[in-house]
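Chains as they are written, first to last, in our numbering: chain A, 1 to 310; chain B, 311 to 862; chain C, 863 to 1163.
Every residue, glycine too, gets a C-beta built ideally from N, C-alpha and C.
Inspection log for the structure reproduced underneath, given as structure tokens.
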Amino acid sequence: MLRIIVNRLLLAIPVLVGVTLLVFLILHSVPGDPVATFYGMDLAPGDDLEAMRNELGLDRPLSAQYLDFLWQAVQGDLGNSIKTRRPVLQDLSQGVVNTAQLAMASIFIAIVVGMSLGILAAYKAYSIWDNISLSVSLFGISLPVFWIGLLLIWLMSVKLALLPSGGKGDWRNLILPALTLSLASIAVISRVTRASLLEILNEDYIRTARSKGLSGLVIMLRHTLPNGIFPVITVVGLQFGYLLAGTVLVETVFSWPGLGRYLVDAIKFRDYPVVQGGVLIVAVVFVVINLLVDILYYALNPRLRTAERG
Amino acid sequence: MKRQRWWLVFSTMVVLGLVLAACGGADEPTDEVEGQPAAEAEQAKATDEPAAEEEQIVEEPAPAAGGDLVYALPSDIVSFDPHTTRETVSGMVNSQIFDYLTILTPDGSVEGELAKSWEVSDDELTWTFTLQEGVMFHDGTELNAAAIKLNLDRVLNPDNALPASRLLKGITEVNVVDDTTLEIVTEAPLGALLFHLSHYSLGMISPAALESMSPEELAQNPVGSGPFKFVSYTPNESIVLERNDDYWGTVPALDTVTFKPVPEPASRSVLIETGEADVVTKLAPQDVDFLKELDGMRVDVIPFTRVVFIHMNGTKAPFDNVKVRQALSWAVDRESIVSNILNDLAVVATGPLGNGVSMYSPTDNYGYDPDKARDLLAEAGYADGFTTKMWVPQGRYQGAEEAAQAVQAQLAEVGVTVELEVVEWSTLLQNIRKGPDEAEWEMLLLGFAPATNDADWQLYTQFHTDNWAPASNNRSFYSNPEVDALLETGKFNTDPAIRKQAYAELLKIVIADAPEIYLYQTTQIYGVRDNVSGLEYLPIDIQFLEKVKLTE
Amino acid sequence: MRYQATDSVALGNQLQQDEVEFASNRRRALRRLFRNRMSVLGLVIIFIYLFAAAFPGLLSPYDPIKQELENRLQPPSAKNLMGTDEFGRDVFARVLYGARLSIMVGLLAVASGGSIGFVIGMLAGYFGGTVDSVFMRAMDILLSLPGLILAIAIIAALGTGLTNVLIAIGIYNIPQFARMTRSTVLAVKDEDYVLAARTSGNNSWGVLVHHIFPNVWSAPLILATLRFSTAILIGAGLSFLGLGVNPPTPEWGAMLAASRGYLRVAPHLAFAYGLVLSVLVLGFNALGEGLRDVFDPRAVR
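As structure tokens, this is what we get:
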């Protein structure tokens, strides 16, 4: 077990380096640089621009800039934002916490609703309930999130005045963005739950249980669910990773001060240190979550401990 | 697999769609207005607009209730160090925390703040300012002439490379005469100096802070002398300020001000509609109609000095031909753009300079005359038109992307095919910082408003031959010795009468030469809850909040 | 925009064992496909859209980019079936002409990204070892970047415009296809007939092309139907952030993103675009679901 973890962490290193290198190269091939953006339009003395590039070290060879970034990142220093001059780590960690909050709330909604729909669909397979569950799923992944988000705001905040329309505050501020964000995950989780449960329902021991006269619901909850849950766990883990990373649109619609919005703003400004640092943090979170999912999977399922990864 | 499955899915979908559609249709007042011809409905509303506005300012509010003013901004603050500030969102916040030598007034003129009075020497080179007494910074340091000198010297020092330094160009020295007397010496007479000093980036920072803090710390910890003190800042979430009870001027009635960055215009509309914010800026023009109908709030449409226009690169054919430039100027239907696209929330531009800017004179812009445009094109040898490209910055100016599409359609009517390229702002900034040999733009849509509210700040950079890009903002590569001379007259004179005369003449010449197509002058659209009073708008998208009151 | 890796993993797991049976039962499977209501629904929807995309002029007399400023934001009427937009352009015409572009964006982005991913997955799965590690680490790199962030960075680098949106979405699609193809190849690789082909002296390329390929192509194809919708939705998301195609191009994502500003004053815009887009997305998803049912015997009774 320990060896697997260490092995995975070692494998993560080239990925992290690769991610940052890729982003570094893309960013530096992009037209526009933070200095030009910083100076904006109303004045353009070339000397000042050069002086600032020099001060920020942007006139050095790319390789030196990148190695510097890596070396500092290893020491836990992501530098200062060019736009705001504040330490990147300070602002990003705030964003990570906010995004994590949003992602956790929506994965919670997605698990509860998604698994319920999935169980319902499997329990009443090929009935009207199955169809409704399928419709909800298809709907969930067929509509753009910003569109649903705006509709929900209009309905819940404006017409019914039940919930705040955005920003950060107490738990009520969390509901609409979390719900909007969870729709796609609900769809995926319910589909996987259904598929996995149907598979188990065909197994011999379930037939045995059924022949013993146990009711369908008991079989479902006592025998089928515990065994059919492994694929669901994997999916939940993956979904959580995607939620963490994919909240840009929802954060924009709901003015949620999360990591995604922070990153998009930084890309638009060409704030190199912020983009680099942000991507690094996202990648680390991704790696850690994937690892946790695997550990959980292995821990819950002893049969797999010897199985090969594939 | 049962047979009804597929159509059940489909019908569920349709039913859900219908439910959603029905919800949308229930938006009563707005729908009706939309059913009418847009222009008429707009006019009916436009007439009662200014009256409502005046009423609000005159109205005597109930006794101050203190309270927290929630103010939604379109983006997050960049820096609390005013000297590094170059956009109005930071300017807005910093204006509450810091004091300035001079400030703009709602009518667009300039008056003293920290400077009680001033005198100019006979050679127009030495300005002597008498300062307010007994002004204290939030950290208890005294604000005297030495403190101001320290601030101005910091900005003037080229090693600091501070953005605010451009405003002090031409100042050779700053001298402390005594505690309340400050002297500023310039190398040439500077007609716009008082306006420059009023710019939001020239706030005075406590000397103690300047000496003890690094630039990074200054960017996070503002210590000023203004009516509000800094309390807290959470990136992308909120900025909280509290009343400065020891303020030397009008002590604010509000207990606190909370600024919230809300980037999406539709979200800002909702915030003001639900009352989650007391004031919001930069509402989308299309939301104004229904917001006006709502109880509990009002929409303030404030004329803004920004003129949105289209550069034509004069070094590239066919724009090197003045007839072509004039033809295109005649081919654009500004009235239609303003009333249809901008919901009458903008006015047709009279020329390059916005009405409301100090030294503005009314001028005659081109009308809409497609026949004349075709004739001019034919005379210039382009009877069959031509194809060109226009760059439009993305999400930058009110209605600009939509207006660009309308211009594209109107130019097509006279045979000119325009390919639109909507360009992201950072990319655009990089690409337009190029000299005539490298410049790739043919047509380029931009908008200018002088942040000092003085004509010199805009026109000198926009039209002087020395200011061809990349040195500055002359991106039509326009050059006219007569105009250069008039620009210098305006810049290097302190007599307002002489300056105004020069600018009036200049505007006429420029419009005849048509280096740019002047489209419209924008407005700032604010949503304000009814319980907010005392809000006074400066012409530059900034308000001083010390007079604002919240009533029950 | 966040479920694709999952799709591929789940699909991969489901499908890898079916590949073998599938090869011999292809004709029967096709027959099943046409008996499957889900996929028929999907096919019908897609066919209608393709027809509209091919002959927009037959269905609407209006020019999709012709502005009529005095006739803007009109609700649906007999003259304008879906009303007019913020420039007075006929929404129905824009929807029809937009179908061509949007379907093209979806298809090309998925096809290009998908084929590259497919090839990478084939090579990685078949050759294993260093080839596998290098390719798969590269895919990990792409996957650990949030999809939209990657697309935004690519658009920032290349500029806005149809082609660049295509490239951004295409790149974004590569790793999902690579991963899934690889896991399918791994499952097939050690089957008897492949081993037989390898030992009987065929070279690696021959085995790949003649023995592996026929048994692994269908899973990515199903994935592609599901990914198509994501591609259009990502295009819409990019437009929402102001990074989509240039106006006045009638592309659904851009149109939908623009309509959000008019949600209150002209809700018919958002509903028209939203409904048109989601029905097509539904079509592709339904086809995907149907294919899954057809190729997954366990789910069929």
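**Prompt:** Nearest-angstrom Cα distance between residue 760(B) and residue 754(B)?
**Reply:** Counting from 1 along the second sequence, the entry for residue 760(B) is found at position 450. Counting from 1 along the second sequence, the entry for residue 754(B) is found at position 444. Roughly 19 Å between the two C-alpha positions.
**Message:** Using only the alpha-carbon positions, how far apart do residue 682(B) and residue 1122(C) sit?
**Reply:** Residue mapping note: residue 682(B) aligns to position 372 of the second sequence, counting from 1. Residue mapping note: residue 1122(C) aligns to position 260 of the third sequence, counting from 1. Cα-Cα distance, rounded: 39 Å.
**Item:** Where residue 929(C) meets chain B, residues with beta-carbon distance less than 8 Å
**Value:** As a first step, residue 929(C) must be located in the third sequence, where it is residue number 67. The contacting residues are 715, 716, 719.
**Request:** Could you name each continuous alpha helix (DSSP H) segment of 4 residues or more that falls completely within the segment 469–514 of chain B, going from the start of the chain to the end?
**Result:** 503–507
**Message:** In the DSSP output, which residue or residues are listed as bridge partners for residue 621(B)?
**Reply:** By one-based count along the second sequence, residue 621(B) stands at place 311. According to DSSP, residue 621(B) bridges with 754(B), 826(B).
**Asked** What residues of chain B sit near residue 80(A), judged by a beta carbon separation below 8 Å?
**Response** To locate residue 80(A), count along the first sequence from 1; it is residue 80. Correct list: 526.
**Asked** Looking at the C-beta of residue 1150(C), does it have a partner C-beta in chain A at a distance below 7 Å?
**Response** The residue labelled residue 1150(C) in the question sits at position 288 within the third sequence. Residue 1150(C) does not count as touching chain A.
**Request:** For the segment 1083–1095 of chain C and the segment 559–570 of chain B, state whether three or more C-beta atom pairs, one from each stretch, are separated by less than 8 Å.
**Result:** no
**Item:** Contact belief for residue 501(B) with residue 802(B) at Cβ below 8 Å, rounded distance in angstroms
**Value:** Counting from 1 along the second sequence, the entry for residue 501(B) is found at position 191. Counting from 1 along the second sequence, the entry for residue 802(B) is found at position 492. About 7 Å; that satisfies the 8 Å criterion.
**Request:** Output, in chain order, the set of chain C residues within a Cβ distance shorter than 8 Å of residue 712(B).
**Result:** Locating residue 712(B) in the second sequence gives position 402, where the first residue counts as 1. Simply 948, 949.
**Request:** Compare the C-alpha of residue 56(A) against each of 124(A), 79(A), 141(A) and name the closest.
**Result:** To locate residue 56(A), count along the first sequence from 1; it is residue 56. Nearest C-alpha to residue 56(A): 79(A).
**Item:** Beta-ladder partner(s) of residue 732(B), from DSSP
**Value:** Stepping through the second sequence from its first residue, residue 732(B) is reached at position 422. Looking at the DSSP assignment, residue 732(B) forms a beta bridge with 702(B).
**Message:** When you compare the CB positions of residue 148(A) and residue 99(A), do they come within less than 7 Å of one another, or not?
**Reply:** Translated into the one-based positions of the first sequence, residue 148(A) becomes position 148. Translated into the one-based positions of the first sequence, residue 99(A) becomes position 99. No, these two residues do not count as a Cβ contact at 7 Å.
**Item:** Interface partners of residue 1164(C) on chain B, CB under 8 Å
**Value:** Because chain C spans 863 through 1163 in this model, residue 1164(C) falls outside it and cannot be assessed.
**Request:** Could you pull the start and end residues of the beta strand (DSSP E) that residue 427(B) belongs to?
**Result:** Mapped onto the second sequence, residue 427(B) falls at position 117. Note, residue 427(B): beta strand (DSSP E), 425–430.
**Request:** Give the single residue among 576(B), 766(B), 399(B), 417(B) whose Cα lies nearest to the Cα of residue 796(B).
**Result:** Position 486 of the second sequence holds residue 796(B). With distances taken between Cα atoms, residue 796(B) lies closest to 766(B).
**Item:** Option in 299(A), 236(A), 298(A), 282(A) with minimal Cα separation from residue 17(A)
**Value:** Locating residue 17(A) in the first sequence gives position 17, counting from the first residue. Of the candidates 299(A), 236(A), 298(A), 282(A), the one whose C-alpha sits nearest the C-alpha of residue 17(A) is 282(A).
**Asked** Quick one: what's residue 668(B) bridged to in DSSP?
**Response** Taking the second sequence and counting its residues from 1, the one referred to as residue 668(B) is at position 358. DSSP, once it has assigned bridges, lists 764(B) as partnering residue 668(B).
**Message:** Excluding the 5 residues flanking residue 637(B) on each side, which residues of the same chain have their C-beta closer than 6 Å to its C-beta?
**Reply:** As a working note, residue 637(B) is residue 327 in the second sequence. Taken in chain order, the residues that qualify are 683, 686, 687.
**Request:** Measure the C-alpha to C-alpha separation of residue 1018(C) and residue 1007(C) and round it to an integer number of angstroms.
**Result:** Working through the third sequence from its first residue, we reach residue 1018(C) at position 156. Working through the third sequence from its first residue, we reach residue 1007(C) at position 145. Looking at the two C-alpha atoms, the distance is approximately 16 Å.
**Request:** Identify, in the order they occur along the chain, each residue of the same chain with its Cβ nearer than 7 Å to the Cβ of residue 857(B), setting aside the five sequence neighbours on each side.
**Result:** As a first step, residue 857(B) must be located in the second sequence, where it is residue number 547. Hits under 7 Å: 560, 844, 846.
**Asked** Using the beta-carbon of each residue, which ones in chain C are nearer than 7 Å to residue 600(B)?
**Response** Numbered from its first residue, the second sequence carries residue 600(B) at position 290. Simply 1126, 1127.
**Message:** Please list the terminal residues of the continuous alpha helix (DSSP H) segment that includes residue 902(C).
**Reply:** As a working mapping, residue 902(C) is identified with position 40 in the third sequence. Segment 899–916, the alpha helix (DSSP H) holding residue 902(C).
**Message:** When you compare the CB of residue 994(C) with every CB in chain A, is at least one pair closer than 7 Å?
**Reply:** What you label residue 994(C) is simply residue 132 of the third sequence in a count that begins at 1. For residue 994(C), the answer is no, since every Cβ of chain A falls outside 7 Å of its Cβ.
**Request:** Taking only the alpha-carbon atoms, compute the straight-line gap between residue 933(C) and residue 652(B) and give it to the nearest angstrom.
**Result:** The residue given as residue 933(C) occupies position 71 in the third sequence. The residue given as residue 652(B) occupies position 342 in the second sequence. About 14 Å.
**Item:** Cβ-based contacts, 8 Å cut-off: residues of the segment 463–485 of chain B near chain C
**Value:** none
**Request:** Using only alpha-carbon positions, find the residue among 192(A), 194(A), 219(A) that is nearest to residue 205(A).
**Result:** Position 205 of the first sequence, counted from the first residue, corresponds to residue 205(A). Considering only alpha carbons, the answer is 219(A).
**Request:** Measure the Cβ-Cβ separation of residue 404(B) and residue 513(B) and say whether it is below 7 Å.
**Result:** Here residue 404(B) refers to the residue found at position 94 when the second sequence is read from its first residue. Here residue 513(B) refers to the residue found at position 203 when the second sequence is read from its first residue. The answer is yes: Cβ separation under 7 Å.
**Beta-carbon spacing of residue 495(B), residue 483(B) below 7 Å** = Reading the second sequence from its first residue, position 185 is the one you call residue 495(B). Reading the second sequence from its first residue, position 173 is the one you call residue 483(B). Yes, Cβ-Cβ distance for residue 495(B) and residue 483(B) is below 7 Å.
**Message:** At the 7 Å Cβ level, is residue 182(A) part of the contact set with chain C, yes or no?
**Reply:** Along the first sequence, read from residue 1 onward, the residue named residue 182(A) stands at position 182. False, the Cβ-Cβ gap to chain C never drops below 7 Å.
**Prompt:** Helix or strand or just coil, what does DSSP make of residue 115(A)?
**Reply:** The count along the first sequence starts at 1 and reaches residue 115(A) at position 115. In this structure, residue 115(A) counts as helix in the three-state DSSP scheme.
**Request:** Using the Cα positions of residue 454(B) and residue 853(B), report the straight-line distance between them to the nearest angstrom.
**Result:** Position 144 of the second sequence, counted from the start, is the residue given in the question as residue 454(B). Position 543 of the second sequence, counted from the start, is the residue given in the question as residue 853(B). Computed Cα separation, rounded: 25 Å.
**Asked** In chain order, what residues of the same chain have a beta carbon less than 6 Å from the beta carbon of residue 800(B), not counting five sequence neighbours either side?
**Response** What you label residue 800(B) is simply residue 490 of the second sequence in a count that begins at 1. These residues qualify, in order along the chain: 766, 809, 812, 813.
**Request:** Under 7 Å between beta-carbons, which chain B residues line up against residue 1108(C)? List them in chain order, please.
**Result:** For the purposes of this step, residue 1108(C) is taken as the residue at position 246 of the third sequence. Residues of chain B passing the Cβ test: 730, 731, 732.
**Prompt:** Is any beta-carbon of chain C found at less than 7 Å from that of residue 267(A)?
**Reply:** If you number the first sequence from 1, residue 267(A) lands on position 267. Closer than 7 Å: yes.
**Prompt:** So what does residue 80(A) bridge to, in DSSP terms?
**Reply:** One-based indexing of the first sequence puts residue 80(A) at position 80. Answer by DSSP bridge pairing, in chain order: 87(A).
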